[in-house]
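4 protein chains.
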Amino acid sequence: MNFRSDNTAPAAPEIIAALTRVNAGAAAAYGEDQWSKLLDEKFSALFERDVRVFTVASGTAANAISAASLTPPWGAVLCHREAHIECDECGAAEFYSGGAKLVLMDGAEAKISPAALKEAVARNERGIHSVKPAAVSVSQTTERGGVYTVSEISMIGQVAKEAELGLHMDGARFANAVVALGKKPADVTWRAGVDLLSFGATKNGAIAAEAIVCFDMARAEEIARRRKRSGHLFSKGRFVAAQLLAYLEDDLWLTLAKRSNGLAAKLAEAAAPYLSHPALSNQVFIKPGKAGLAALRAGGADFYEWGPPGAGEARLVVSWNQSEADIEKMCGLLVSIR
Amino acid sequence: MNFRSDNTAPAAPEIIAALTRVNAGAAAAYGEDQWSKLLDEKFSALFERDVRVFTVASGTAANAISAASLTPPWGAVLCHREAHIECDECGAAEFYSGGAKLVLMDGAEAKISPAALKEAVARNERGIHSVKPAAVSVSQTTERGGVYTVSEISMIGQVAKEAELGLHMDGARFANAVVALGKKPADVTWRAGVDLLSFGATKNGAIAAEAIVCFDMARAEEIARRRKRSGHLFSKGRFVAAQLLAYLEDDLWLTLAKRSNGLAAKLAEAAAPYLSHPALSNQVFIKPGKAGLAALRAGGADFYEWGPPGAGEARLVVSWNQSEADIEKMCGLLVSIR
Amino acid sequence: MNFRSDNTAPAAPEIIAALTRVNAGAAAAYGEDQWSKLLDEKFSALFERDVRVFTVASGTAANAISAASLTPPWGAVLCHREAHIECDECGAAEFYSGGAKLVLMDGAEAKISPAALKEAVARNERGIHSVKPAAVSVSQTTERGGVYTVSEISMIGQVAKEAELGLHMDGARFANAVVALGKKPADVTWRAGVDLLSFGATKNGAIAAEAIVCFDMARAEEIARRRKRSGHLFSKGRFVAAQLLAYLEDDLWLTLAKRSNGLAAKLAEAAAPYLSHPALSNQVFIKPGKAGLAALRAGGADFYEWGPPGAGEARLVVSWNQSEADIEKMCGLLVSIR
Amino acid sequence: MNFRSDNTAPAAPEIIAALTRVNAGAAAAYGEDQWSKLLDEKFSALFERDVRVFTVASGTAANAISAASLTPPWGAVLCHREAHIECDECGAAEFYSGGAKLVLMDGAEAKISPAALKEAVARNERGIHSVKPAAVSVSQTTERGGVYTVSEISMIGQVAKEAELGLHMDGARFANAVVALGKKPADVTWRAGVDLLSFGATKNGAIAAEAIVCFDMARAEEIARRRKRSGHLFSKGRFVAAQLLAYLEDDLWLTLAKRSNGLAAKLAEAAAPYLSHPALSNQVFIKPGKAGLAALRAGGADFYEWGPPGAGEARLVVSWNQSEADIEKMCGLLVSIR
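Protein chains in written order, with this note's numbering: chain A, 175 to 512; chain B, 175 to 512; chain C, 175 to 512; chain D, 175 to 512.
So, in structure tokens, the structure goes:
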């Protein structure tokens, strides 16, 4: 019963099949192949407007290139204190941006509020002596399983626009958020003010396929250069393109996320008395205490502890391919430690 | 008849099979899976000593992380004027290193000589006012199809050692060089003074699998951090590890390179009167003049022109899967324009 | 009655005289002149051990070069939330270091405690996924007028040593701290574990003279390069050297600081009922409320408000040349608003 | 007889006097003082249009901030192979720009030609795989004592405009060029297409006063941030402002340069048979051979050898305060070795 992370999961058979299918004959390198060329079109259809899509090797790359493209080196990227770009990317945003600063905000469920954003902007606008607020980054879903509503993002987008901040969305688990919200991708992103989206597929069934979806065409050239310069332009582009095309085809991405969200809801129900947060997507945060966690482990569950050391809190992540048996057994365990 | 580049080729069936094979069940993320953990061992066996292996998404990343790990920001990386790191990576080495300078040398077949290196070091050691020579980077095979002999590399390694330069080898086509030389990988690298090797597999049959082979253990921690920080640590590491394991298994990498080298030799023979350089690996440089190139194109050949615009020179690259039919037909064409 | 900052003050006559005195005949450029060459010797005597001294144009440069020399680009520099390097240098530390992260700590009087440092290190040691704690920076005096005791610095130095962090001291107002403590410069710095000191003279009577005092000889070469590369190596080095030599001569630096500290103490006494912090050096923080501040302004006082907007708090800084008349009048005002 | 460089000279008495004059009372910090505020006005009058002026501590800083403001990190700055920014600034342009590349051109007298520039642009426009030509930097006077005519700069400016390159002028010895040309500063700079000028005063009589003169208002905000972030915004701005104001007053800058240019012309006449280049400003390049140089040294002359080691070539730089006696004696020596 591995609930450590959805990146421990294998790839979906449809993804493997697609990758195998394109493996024939010569194809132009560096994204000039026929499949890579389809990406803009397919994503534009998905997002109901013209977009440019830039595949990269990891979510860290997607996030850092995005952040760097929204801030000058002397800028600040405002984000939640628990944001992946702050905590888990070894300073990638700082590296790619040439030394921008991450300015941190608090907020329940690892979400930032429009008010907190407004306040952080005001606090950091001190002229030439301080860095200049230039961008805001939100995670959707968040690192605590939170999901911004369309209205929440729109309000953040509004504050960002007024303060002339670019708005980046870290969508490492974007599919899970879209499913949770039951909204169109466009509503959750550019219609709410998002400029750049890190569109993740790896955690939800791909091998290694992440993309920057660019809604602000003025940034496209810069992103293209940053991608090449950082070694994230694949020479054999067809293989990453194939993954993403298969991911979108017949809404595979939503099907997979719907499944993991649904199974996570079962876990959450079983763990209801000691849930840390509402479980809206495929992440479930529980706080049964140290003894509770020990009991889960003794029962065969594998997961990461979360929060401050010794807090007795844990994160359970349901993968796209998690077995029903896993879930059933885990539910039993979760109930048993109530 | 596509001779544009070996990165237009598909992946070898063995590689695809390996990737499919590891696609089952959960596996630890970020290189902690069982396959990734085999890499150090397998490459250590291959290189006849302890090495550390760091997979990345592209040759550009391997080169730039290597260069950055061998030079301070105020250092100079000495390389050939036609080196890939200078011409084709959008300034990746400068980006990763925090602004080091590439100092360029000339030399036939895009090779640098020990004498040229010595001279370049001397010319650039001007104290604090200039950048400090810190590393040298050689391509094996070179961007002109040249192959350094073991003795040549050793002499460069000797100069590097005396001048306290790190020595990096860009082995995007390392397999082709090893086959051409008929030497052991160890002899071509660390025994000759190489500190870091960009070990390329993508061009020679992989999907996307490049690795930094680290012979200088003191650099390993730094490389690990630079990789993570630049977004080149794959979360689902098993898939890139599987490619490399398959690549080495039963000497697949040498088998594939032997084939492409051999077919290239046939092209070279057919083009003998107007060869630009000896064709030692899977690259053939020809200079039949503009009319000659036009005739080849008219005959169905696809390739890049090379050198100064209008020079009537071209590069033909033979891929691991190039068909015998392609080669035969191309040989005929090449003879016909003599 | 200008109490905005000690950097609004002119230069001491001794400094101007020294600068004028060296202005004769040719002198070697770039620090090879006879006066610059004295710096190492004079500062070594002052600090009772061999040191290397690097003059730069500003405290920001001294701090940023120091920070960069103590951390790799993927490192973290731990400092107080109100540290000058965090709040007032437009991201200089991030720029010079190639994108290191400042990790912030809280603490009264803008001082960090050994315990807070220990905790911050522990919280940020999460392996390759996060930045790596590499250095700690303390301000002496602090941005809230705090002064670390020798014992406090030693304990921080001890934690730093155990955690393998470099220790930087921002001594923009180092003279005021030394006077306040009545200790030897050596006791306050390297004997307590400080590796690099930003030694400020500008605020305390110089024109523009700041220096990095390097106690860790292994860093000297790197600092020299960083200084040159950032344009902080003066070509006519004699003029900055002359300032520093005069600053040290006959303890001018201590004389000036003693005076401003003493006058500040008078202000503090007058403002005793609403002091925010103990006034140990030449900075006095008062919190008489909005009306009180308005009354001070109406009485002719000029100063910066401090803390959150509208908090009714202010900072009064006494300059080396502040007139007794200013102080007397200001004391009267401060008493009048009790 | 010190002819090593004009930066070995002291400061002009007018400069020292000005600095002393402003040393009274409190003055706003960070360029908000009354003298700093005059700079834009005075330089605007000098250049016959609105300009923004940014003082910095060194020519290296002026050059590097300028270069960085004209190129993205993935850009190329095109300059002469012997340019100061390439050879003598320890990679400052690379540092400030976040890793841009300097692309080198050849040309007599260290001047670049419009044709060479055009060719270099064309050669480096290879799409996303190479860095992108973004700026060109010319030195006026050049590192070989060359002086671009207004027409030459205009033609370079025209090529730059067509290729969408920013044009930077390194005017470390701008005064000497203006005197040599007998043209208005405006004609030599913005009217000819220059976007940013490093306006040097240090070599020609100041203590340490260099300025970026910004003709492209859209870059001003960026330059202001880069200056602050690199520690080049002086807190006591009055002292550098005073130097520059005095430098311009009554055309002191031209008077001083006229003198040194004139004295250099005498040296050049005496060295006519073995001049390397026409001596148009205050630099004289001679190539009397190794024996000739030895004779000059034996006669008491101090200077740098120039060009490749052992070439028997030297540079003589005349300072603003060089004595007539020095010149007379040197002329005698120069004639004696004919």
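Glycine included, each C-beta is placed from N, C-alpha and C at the ideal position.
In this text the structure is predicted, and so the values were computed from the model without any measurement.
Would DSSP call residue i helix, strand or coil?
i	result
PHE208(C)	The sequence given here places Gln at residue 208(C); Phe does not occur at that position. DSSP places GLN208(C) in helix when its eight states are reduced to three.
MET279(C)	strand
PRO246(D)	coil
GLY331(D)	helix
SER313(A)	strand
ASP344(A)	strand
PHE459(C)	strand
ASN237(B)	helix
TRP480(C)	strand
ALA308(B)	strand
LEU422(D)	helix
SER510(D)	helix
Would residue i and residue j be called neighbours here (beta carbons separated by less than 7 Å)?
i	j	result
ARG255(D)	ALA394(D)	no
PRO307(C)	LEU276(C)	no
ASP369(B)	VAL324(B)	no
GLY320(A)	GLU293(A)	no
GLU498(B)	ALA488(B)	no
TRP364(B)	ARG403(C)	no
ALA472(B)	ILE511(B)	no
TYR270(A)	ALA236(A)	no
ALA385(C)	THR376(C)	no
GLU317(B)	HIS258(B)	yes
THR182(C)	ALA439(D)	no
ALA445(D)	LEU507(D)	no
ASP356(A)	TRP494(A)	Going by the sequence as given, residue 356(A) is Gly instead of Asp. Not closer than 7 Å, so no.
LYS432(D)	VAL353(D)	yes
ALA201(D)	ARG412(D)	yes
GLY345(D)	GLY374(D)	yes
LEU426(B)	GLU215(B)	no
How would you list, in chain order, the residues of chain C whose beta-carbon sits under 7 Å from the beta-carbon of residue i?
i	result
ALA185(D)	ASN197
Which bits of chain C does residue i rub up against, with CB to CB less than 9 Å?
i	result
ILE397(B)	Correct list: empty, because the minimum Cβ distance to chain C is about 11 Å.
THR229(D)	Within chain C, no residue comes near THR229(D); the closest Cβ sits about 10 Å away, beyond 9 Å.
Give me the chain D residues within the contact set of residue i, using Cβ-Cβ distance strictly less than 8 Å, ordered along the chain.
i	result
ILE239(A)	What ILE239(A) touches in chain D: nothing, since even the nearest Cβ is about 12 Å away.
Please tell me whether, using a cut-off of 6 Å, the distance from the CB of residue i to the nearest non-hydrogen atom of the ligand FAD is below it.
i	result
ASP280(A)	Among the components of this structure there are no ligands whatsoever, and the ligand FAD is therefore not found.
First and last residue of the beta strand (DSSP E) that includes residue i?
i	result
GLY249(A)	249-254
GLY463(C)	Counting along the chain, GLY463(C) falls outside any beta strand (DSSP E), though it belongs to the alpha helix (DSSP H) covering 463-472.
THR555(D)	Since the first residue shown for chain D is 175 and the last is 512, residue 555(D) is missing from the structure and cannot be characterised.
Identify the contact partners of residue i in chain D, using a Cβ-Cβ distance below 7 Å as the criterion.
i	result
CYS264(C)	ARG399, LYS402 and ARG403
Using a C-beta to C-beta distance shorter than 8 Å, which residues of chain C count as neighbours of residue i?
i	result
HIS303(A)	CYS261, ASP262, GLU263 and CYS264
Residues of chain A with CB under 7 Å from residue i, in chain order?
i	result
PHE269(C)	PRO247 and GLY273
THR315(B)	Ordered by position in chain A, no residue passes the 7 Å Cβ test against THR315(B), which lies about 16 Å from the chain.
Give me the chain D residues within the contact set of residue i, using Cβ-Cβ distance strictly less than 9 Å, ordered along the chain.
i	result
THR376(C)	PHE408, SER409 and LYS410
State the start and end residues of the unbroken alpha helix (DSSP H) segment that holds residue i.
i	result
VAL295(A)	288-298
VAL362(A)	359-362
GLU268(B)	266-271
Rounded C-beta distance between residue i and residue j? I'm assuming under 8 Å.
i	j	result
ALA185(C)	ASN197(D)	5 Å
MET279(C)	ALA267(C)	Rounded, the Cβ-Cβ distance is 15 Å, inconsistent with contact.
GLY486(B)	LYS503(B)	No, GLY486(B) and LYS503(B) are not in contact; Cβ-Cβ is about 22 Å, not under 8 Å.
List the residues of chain B that residue i touches, going by C-beta distances under 7 Å, in chain order.
i	result
THR194(A)	ILE190
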